[in-house]
Structures are given as structure tokens and as C-alpha cells.
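Peer 1: Chains as they are written, first to last, in my numbering: chain A, 91 to 355; chain R, 91 to 355.
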DNA sequence: CTATGCATGTCGATA
DNA sequence: TATCGACGTGCATAG
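The structure is reproduced here in C-alpha cells:
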């Protein structure tokens with residue numbers, strides 16, 4: 091990594107450094123005293139203070155205060171950036187974004203650290219289990235849900251949406267299964283209920299509805315009880331063990347056009 | 091701002107610098123080559139590459155790749171941080187978080203830049219308008235919605251949720267108003283529909299349902315039409331003008347316990 | 001403390 | 001390109 095680092099630079103001289111860095115698609119860090127105005131979907135003003143500003147290689151801008159996960163102000167990667175030095179004002183950074191039209195203005199009155207460097211980052215990022223993965227694993231290993239379950243389709247269109255897994259149980263009853271990787275809330279139960287109702291209307295037969303999650307909120311349990319829906323705790327660790335047998339990534343289109351790719355047997 | 095800045099330090103010597111910085115509640119920046127593992131609600135692995143790691147004064151950790159708004163890995167401010175140097179491995183940073191239990195491990199094999207400094211940031215941050223503000227302004231100036239409207243309550247409990255504004259129109263019909271500060275999607279329409287249905291069931295009278303937003307998605311408009319709901323465009327600029335007459339922040343409790351604070355006249 | 005809903009949400013996939 | 005739904009969503013607030 092080649093980089094440029096300046097301690098307590100004069101603001102005037104920084105303008106060209108920053109412009110050069112942005113033109114060469116480098117990542118720029120600025121630490122110093124600034125104020126920030128934002129105008130777009132909302133409006134905000136941040137009074138002067140010491141912050142870290144990051145301008146990434148794709149034009150994303152983040153203004154970070156010394157605490158908290160979230161940037162206090164930002165602009166996603168779609169922004170156009172302009173840098174000016176205004177005598178008596180300071181170093182002004184404008185970031186403009188179209189659609190939605192949003193403006194971000196950062197005014198630095200002092201900069202302690204300037205860094206510009208081209209980060210080389212080709213490392214792969216893998217999320218080991220997300221809801222899709224969980225769905226695929228369970229669809230391919232339905233005994234993890236209950237014995238004798240036969241999966242007919244995943245992401246089956248029902249009513250307004252898609253139910254995660256559509257199956258038939260050992261007593262030949264139809265089963266709609268909704269999955270949550272995190273604690274299931276009442277919302278999830280209601281969603282499943284809508285699927286069950288829609289299915290009943292469409293196909294004339296009331297299916298079982300099972301909500302599967304590692305945990306359930308009290309209101310979810312109560313609602314499930316009231317709406318005559320089943321729920322089942324799942325151990326994510328156990329599911330993850332089955333993820334090793336690498337399955338082809340299942341695409342939505344595989345299941346929405348015809349039945350040739352349905353999981354049936 | 092007092093700070094410490096090191097260029098291409100040896101990893102061994104960094105351990106104490108970082109520990110000292112964390113103990114003194116400083117913000118730490120590390121730029122260099124690292125890999126990252128995460129385990130918690132999900133699991134992820136990030137292969138080696140050059141990144142920026144931020145450890146904030148409250149223990150929040152962000153791992154940023156050279157592009158994009160979002161950190162690739164992170165830990166919110168509730169984390170406990172441990173720093174170790176492992177011979178033959180590198181500089182290891184562990185961040186543990188309770189509730190939910192989550193582990194983040196960063197392993198640096200090279201560091202180009204180390205920065206530690208106590209940022210002083212007392213600047214005030216003001217968000218000029220959010221949905222609450224919009225709700226309060228419209229509740230206090232209902233003529234912006236339509237002539238003759240009398241607001242009875244805001245955040246009125248209806249069914250499962252709370253409708254933003256509950257009012258009575260000039261013909262004495264009940265009106266449920268749902269607000270969106272951004273483009274309203276079908277979801278917003280469905281939400282309003284649920285309120286209208288729930289209200290009908292609870293109070294026996296079918297109210298008007300009005301969705302108010304600066305813009306509407308086509309599916310939102312279509313759904314509104316199908317569900318017999320009204321929609322109204324609102325100019326945020328115009329609403330914002332009425333925000334100058336500073337209103338006391340309206341609390342939910344003002345409207346849910348008794349009627350003494352209701353907006354009625 | 002948990003539950004609920006908003007967010008300048010952001011991001012990715014789909015039509 | 002716009003829309004839709006998920007997210008390790010984070011975060012504030014109400015109960």
C-alpha cells in the first residue's frame with residue numbers, strides 16, 4: 091500500500107492533495123475540527139467538533155463522531171465530491187447525490203491528520219448462514235423440521251408473497267413453513283397467518299402453518315396460539331453443520347416458473 | 091486534540107499503544123492488512139486484505155473496506171475489547187458483546203498506520219425534521235391536510251399498532267391518517283388498511299383512511315385504489331416552514347392516558 | 001428490561 | 001431503472 095500522510099497540514103495545501111487522492115481513487119481520512127450540514131430526505135446541522143471523515147474509493151463519505159456505531163452524517167457511494175478552500179471559512183467538502191437529491195457539506199476549520207492511500211482489498215467475504223442458506227439447508231434436510239416431511243417447493247408464491255418452504259407431512263397434510271434466523275416477532279406470525287389464509291382461499295384446503303426460529307418473542311408465541319399456528323425452535327448450530335454439504339445456490343426463478351425444479355420425491 | 095501517530099510500526103510494540111489508548115478512552119485507527127471472523131447471530135469470514143479499523147472511545151468497532159457505506163464487520167458500543175500479539179499470527183483484536191452474544195476477531199498481519207487520539211466533540215446535532223416532527227406539525231396545523239379537519243389524537247392505538255393521526259373531518263366522519271416522510275410503498279398502504287379494518291371492528295364505524303407522503307410508488311397507488319384508501323401528496327418544504335414555531339416534543343403518554351392533552355377544539 | 005417501529009436506513013435481487 | 005424485502009440491521013421510545 092502506498093500512501094500519503096500529513097500531520098497538521100495547512101488547509102490551503104490540502105485541497106490539491108485531496109483532489110489528487112480522489113482522482114486516483116484513493117481512500118482519504120481526515121481528522122480535525124469540522125461542522126456538517128445535510129439537506130435531502132431530511133435536514134440536519136452538526137455544530138463544530140472533532141471528527142473523523144472517511145472518503146472512500148467509490149465516493150462514499152462517512153462523518154464519524156468519537157462514539158457510536160453509526161456515522162452522524164454520510165453520503166453513500168453514488169456521490170459527486172467537490173473540494174474547495176474558502177479564505178476565512180475553511181476547507182469545504184461538498185458531496186452531491188442524485189436520486190434522492192441530497193447535499194452534504196463538511197467545513198473543516200482545522201485538520202490534524204490527513205491520510206490518503208489506495209487500499210488493496212480483494213479478500214473474499216463469506217456469510218456462513220443467512221436466511222436463504224437456512225432455507226436451503228432445511229429444504230434439503232426436512233427431517234430437521236419433523237419426521238416424514240416431504241418438501242414440495244421453496245419460496246412458493248402464496249397470496250401476496252412467498253412462503254419459505256411448502257411441504258406435505260406424513261399424514262399428507264399441506265404445510266406452510268416460515269423461517270426466521272433471529273427471534274421471531276409477532277410480525278412473523280402474522281405473515282405466516284396471511285399465507286395460511288391466502289392458501290386456504292386459493293386451494294380450498296387449510297394447511298398447517300409452522301414458524302421456525304431460534305427464539306420467539308412472547309407476543310409471537312401468544313399470537314401463534316391465538317391463530318392456531320405451530321412454532322418450532324431450531325438450533326442454528328445444528329443447522330450450520332448441514333451447511334457443509336455445499337448446495338447449489340437456489341434462485342427464486344427456479345421455483346416461480348414451472349415446477350421442473352421443485353424439490354419433490 | 092492530542093494524539094499519537096505511528097507509521098509502519100512493529101506489531102509487537104503496538105499492543106501496548108493500543109491498550110493504553112483504549113484505557114484512556116481514545117479513538118484508535120488502524121490501517122493495514124487483516125482478516126476478520128465474526129460469530130453471533132450469523133457467522134462470517136473475511137479473507138485478508140487492506141482495511142481501515144476504527145475503535146471508538148465507547149468501544150464501538152468498525153471494519154471498513156475501501157468501498158461502500160457499510161462496515162463489512164463491526165461491533166456496537168457494548169463490546170469488551172482485548173488486544174494480544176501472537177507470534178507467527180499477528181496482532182489479534184477480540185471484541186465481545188453480550189446480548190446478543192457475539193464475537194468479532196480481527197487479526198492484523200501488517201499495520202501501515204496507527205492513530206490514537208482523544209477527539210473532543212461537544213457539537214450539537216440537530217435533525218430538522220423526522221416523522222415525529224412531521225406528525226406534530228401536521229397535528230398542530232391540520233389545515234395542511236384538509237380544511238375543517240379536527241385532530242383528536244396522535245399515535246392513537248388501533249388494533250395492533252398506532253395510527254399517526256386520528257381526526258374528524260368537516261362532515262363528522264372519522265379519519266385515520268398515516269404519514270410517511272419518504273416515498274410511500276405498498277407496505278404503508280397495507281399498514282393503513284389494517285388500521286382502518288381494525289378500527290371498523292373495534293368501533294363499528296368505517297373511518298376514512300388517508301396516507302400522506304411526499305411521493306408514492308405505483309404499487310402503493312394501485313393498492314390504495316383497490317383498498318378504497320385516500321392518499322395525499324405533501325410538500326415537505328412547506329411542512330418544514332411550520333416547524334419554526336417550536337412545539338414542545340409531544341410524548342406518546344400525553345395521548346394514551348386520558349384526554350386532557352388531546353388536540354381538540 | 002423487552003417489544004415495537006422508524007431510518008437520510010443501506011443493500012441486493014427481481015421485474 | 002424502480003420496487004421489494006432482508007438485515008449480524010441500529011436506534012429511540014414506550015410499556
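Even glycine gets a Cβ: it sits at the ideal position worked out from N, Cα and C.
1) Using the beta-carbon count (16 or more within 10 Å), is residue 198 of chain R buried or exposed?
2) With distance defined between alpha-carbon atoms, name the residue in A:310, A:103 and A:320 nearest to residue 71 of chain A.
3) Under a Cβ-count criterion, where at least 16 other Cβ atoms within 10 Å of its own Cβ denotes burial, should residue 271 of chain R be classed as buried or exposed?
4) Just the C-alpha distance for residue 112 of chain R and residue 149 of chain A, rounded to the nearest angstrom, thanks.
5) Taking only beta-carbon positions, decide if residue 117 of chain A is within less than 8 Å of chain R.
6) Would you check if there are 3 or more beta carbon pairs closer than 8 Å linking the segment 246-254 of chain R to the segment 143-160 of chain A?
7) Would you say residue 344 of chain A lies against chain R (beta-carbon separation less than 8 Å)?
8) Would you say residue 218 of chain R reaches chain A, if we count a Cβ-Cβ gap shorter than 8 Å as a contact?
9) Could you tell me the alpha carbon to alpha carbon distance between residue 327 of chain A and residue 134 of chain R, rounded to whole angstroms?
10) Judging by CA-CA distance, which residue of R:215, R:302 and R:188 is the nearest neighbour of residue 281 of chain R?
11) In this structure, what does DSSP give as the bridge partners for residue 165 of chain R?
12) Just confirm the distance between the C-beta atoms of residue 192 of chain A and residue 294 of chain A, as a whole number of angstroms; I'd bet it's less than 8 Å.
13) Would you call the CB atoms of residue 140 of chain A and residue 125 of chain A closer than 8 Å?
14) Against chain R, does residue 210 of chain A count as a neighbour if the rule is that its beta carbon must be under 8 Å from one of theirs?
15) For the beta strand (DSSP E) containing residue 224 of chain R, list its first residue and its last residue.
16) Using a Cβ-Cβ cutoff of less than 7 Å, which residues in the same chain neighbour residue 200 of chain R once the five nearest sequence positions on both sides are dropped?
17) Give the residues from the segment 140-157 of chain R that approach chain A closer than 8 Å (Cβ to any Cβ), ordered along the chain.
18) Does chain A have any CB closer than 8 Å to the CB of residue 132 of chain R?
19) Can you confirm whether residue 240 of chain A, when its beta carbon is compared against all beta carbons of chain R, has any partner nearer than 8 Å?
20) Could you give the DSSP three-state label for residue 262 of chain A: helix, strand or coil?
21) Give the straight-line distance between the Cα atoms of residue 289 of chain A and residue 296 of chain A, rounded to the nearest whole angstrom.
22) May I ask you to list the residues that DSSP assigns as paired with residue 97 of chain A?
23) For a test of the three-state rule: what should DSSP assign to residue 92 of chain R, helix, strand or coil?
24) Classify residue 298 of chain A as helix, strand or coil using the three-state DSSP reduction.
25) Return the chain-ordered list of same chain residues with a C-beta closer than 7 Å to the C-beta of residue 116 of chain A, the five sequence neighbours on each side being excluded.
26) How many whole angstroms separate the CB atoms of residue 267 of chain A and residue 254 of chain A, which I take to be in contact at a CB cut-off of 8 Å?
27) Tell me, please, which residues DSSP counts as bridged to residue 237 of chain A.
28) So which residues on chain A does residue 121 of chain R lean against when the C-beta distance must stay under 9 Å?
29) Give me the Cα-Cα distance between residue 334 of chain A and residue 215 of chain A, rounded to the nearest whole angstrom.
30) Which residue from R:331, R:93 and R:292 puts its Cα closest to that of residue 218 of chain R?
31) Do you know whose CA, among A:275, A:202 and A:264, lies nearest residue 287 of chain A's CA?
32) Over what stretch of residues does the alpha helix (DSSP H) that includes residue 128 of chain A continue unbroken?
33) For a cutoff of 8 Å on Cβ pairs, would you count residue 252 of chain A as touching chain R?
34) Rounding to the nearest angstrom, what Cα-Cα distance links residue 276 of chain R and residue 322 of chain R in this structure?
35) Quick check on DSSP: helix, strand or coil for residue 334 of chain A?
36) On the three-state DSSP scale, how would you describe residue 159 of chain A?
Peer 2: Judging by the given coordinates:
1) On the second chain, residue 198 of chain R is found 108 positions in, with the first residue counted as 1. Only buried fits residue 198 of chain R, as 16 or more other CB atoms lie within 10 angstroms of its CB.
2) The shown model of chain A, from 91 to 355, leaves out residue 71 of chain A, and the question about it has no answer.
3) For the purposes of this step, residue 271 of chain R is taken as residue 181 along the second chain, with counting starting at 1. Only buried fits residue 271 of chain R, as 16 or more other CB atoms lie within 10 angstroms of its CB.
4) Walking along the second chain from the start, residue 112 of chain R turns up at place 22. Walking along the first chain from the start, residue 149 of chain A turns up at place 59. Straight-line Cα distance between these residues: approximately 30 Å.
5) Translated into the one-based positions of the first chain, residue 117 of chain A becomes position 27. At least one chain R Cβ lies under 8 Å of residue 117 of chain A.
6) No, because fewer than three Cβ pairs between the segment 246-254 of chain R and the segment 143-160 of chain A fall closer than 8 Å, the two stretches do not touch.
7) Position 254 of the first chain holds residue 344 of chain A. Note that residue 344 of chain A scores a pLDDT of 31, beneath 50, so its modelled location is shaky and nothing firm can be said.
8) Reading the second chain from its first residue, position 128 is the one you call residue 218 of chain R. Taking Cβ atoms only, chain A reaches closer than 8 Å to residue 218 of chain R, which makes this a yes.
9) For the purposes of this step, residue 327 of chain A is taken as the residue at position 237 of the first chain. For the purposes of this step, residue 134 of chain R is taken as the residue at position 44 of the second chain. Going from the Cα of residue 327 of chain A to the Cα of residue 134 of chain R covers about 14 Å.
10) As a first step, residue 281 of chain R is located in the second chain; it is residue number 191 there, counting from the start. By alpha-carbon distance to residue 281 of chain R, the top candidate from R:215, R:302 and R:188 is R:302.
11) Taking the second chain and counting its residues from 1, one reaches residue 165 of chain R at position 75. Answer is R:151.
12) Numbered from 1 along the first chain, position 102 holds the residue referred to as residue 192 of chain A. Numbered from 1 along the first chain, position 204 holds the residue referred to as residue 294 of chain A. Contact between residue 192 of chain A and residue 294 of chain A is ruled out by a C-beta separation of about 50 Å, above the 8 Å threshold.
13) For the purposes of this step, residue 140 of chain A is identified with residue 50 of the first chain, where counting begins at 1. For the purposes of this step, residue 125 of chain A is identified with residue 35 of the first chain, where counting begins at 1. No; because the gap between Cβ atoms is not below 8 Å, this pair is not in contact.
14) The count along the first chain starts at 1 and reaches residue 210 of chain A at position 120. Yes, contact with chain R.
15) Position 134 of the second chain, counted from the start, is the residue given in the question as residue 224 of chain R. Unbroken run through residue 224 of chain R is the alpha helix (DSSP H), 221-230; no beta strand (DSSP E).
16) The count along the second chain starts at 1 and reaches residue 200 of chain R at position 110. Closer than 7 Å at the Cβ level, and outside the excluded window around residue 200 of chain R, lie 122 and 123.
17) Answer set for the segment 140-157 of chain R: 140, 141, 142, 144, 146, 147, 148, 150, 152, 154, 155, 156 and 157.
18) For the purposes of this step, residue 132 of chain R is taken as residue 42 along the second chain, with counting starting at 1. Yes, contact with chain A.
19) Residue numbering aside, residue 240 of chain A sits at position 150 when the first chain is read from its first letter. In terms of beta-carbon proximity, residue 240 of chain A stays away from the interface with chain R, with every pair separated by 8 Å or more.
20) What you label residue 262 of chain A is simply residue 172 of the first chain in a count that begins at 1. Secondary structure at residue 262 of chain A: coil, using DSSP grouped into helix, strand and coil.
21) Reading the first chain from its first residue, position 199 is the one you call residue 289 of chain A. Reading the first chain from its first residue, position 206 is the one you call residue 296 of chain A. So the two alpha carbons sit approximately 7 Å from each other.
22) Taking the first chain and counting its residues from 1, one reaches residue 97 of chain A at position 7. The partner list for residue 97 of chain A (beta bridge, DSSP) reads A:203.
23) Counting from 1 along the second chain, the entry for residue 92 of chain R is found at position 2. Residue state for residue 92 of chain R is assigned as coil, using DSSP reduced to three classes.
24) Position 208 of the first chain, counted from the first residue, corresponds to residue 298 of chain A. Annotated three-state conformation of residue 298 of chain A is strand, per DSSP.
25) Within the first chain, the letter at position 26 stands for residue 116 of chain A. Answer for residue 116 of chain A: 147, 206, 207 and 208, listed in chain order.
26) What you label residue 267 of chain A is simply residue 177 of the first chain in a count that begins at 1. What you label residue 254 of chain A is simply residue 164 of the first chain in a count that begins at 1. Yes, residue 267 of chain A and residue 254 of chain A are in contact; Cβ-Cβ is about 6 Å, under 8 Å.
27) As a working mapping, residue 237 of chain A is identified with position 147 in the first chain. According to DSSP, residue 237 of chain A bridges with nothing at all.
28) Locating residue 121 of chain R in the second chain gives position 31, where the first residue counts as 1. Going along chain A in sequence order, the residues near residue 121 of chain R (Cβ under 9 Å) are 91, 93, 117, 119, 205, 207 and 209.
29) Against the first chain, residue 334 of chain A aligns to sequence position 244. Against the first chain, residue 215 of chain A aligns to sequence position 125. Reliability of the predicted coordinates at residue 334 of chain A is poor, the pLDDT of 49 falling under 50, and no value is obtained from them.
30) Reading the second chain from its first residue, position 128 is the one you call residue 218 of chain R. Closest in alpha carbon position to residue 218 of chain R, among R:331, R:93 and R:292, is R:331.
31) Translated into positions along the first chain, residue 287 of chain A becomes position 197. When the alpha-carbon of residue 287 of chain A is set against those of A:275, A:202 and A:264, the nearest one is in A:264.
32) For this step, residue 128 of chain A is matched to residue 38 along the first chain. Here residue 128 of chain A belongs to no alpha helix (DSSP H); instead the beta strand (DSSP E) covers 117-129.
33) The count along the first chain starts at 1 and reaches residue 252 of chain A at position 162. It does not; no Cβ of chain R falls within 8 Å.
34) For the purposes of this step, residue 276 of chain R is identified with residue 186 of the second chain, where counting begins at 1. For the purposes of this step, residue 322 of chain R is identified with residue 232 of the second chain, where counting begins at 1. Whole-angstrom Cα-Cα distance: 15 Å.
35) Against the first chain, residue 334 of chain A aligns to sequence position 244. A caution first: residue 334 of chain A carries a pLDDT of 49, below 50, which makes its placement in the model too unreliable to give a value.
36) Taking the first residue of the first chain as 1, we reach residue 159 of chain A at position 69. In the structure shown, residue 159 of chain A falls within a coil segment according to DSSP collapsed to helix, strand and coil.
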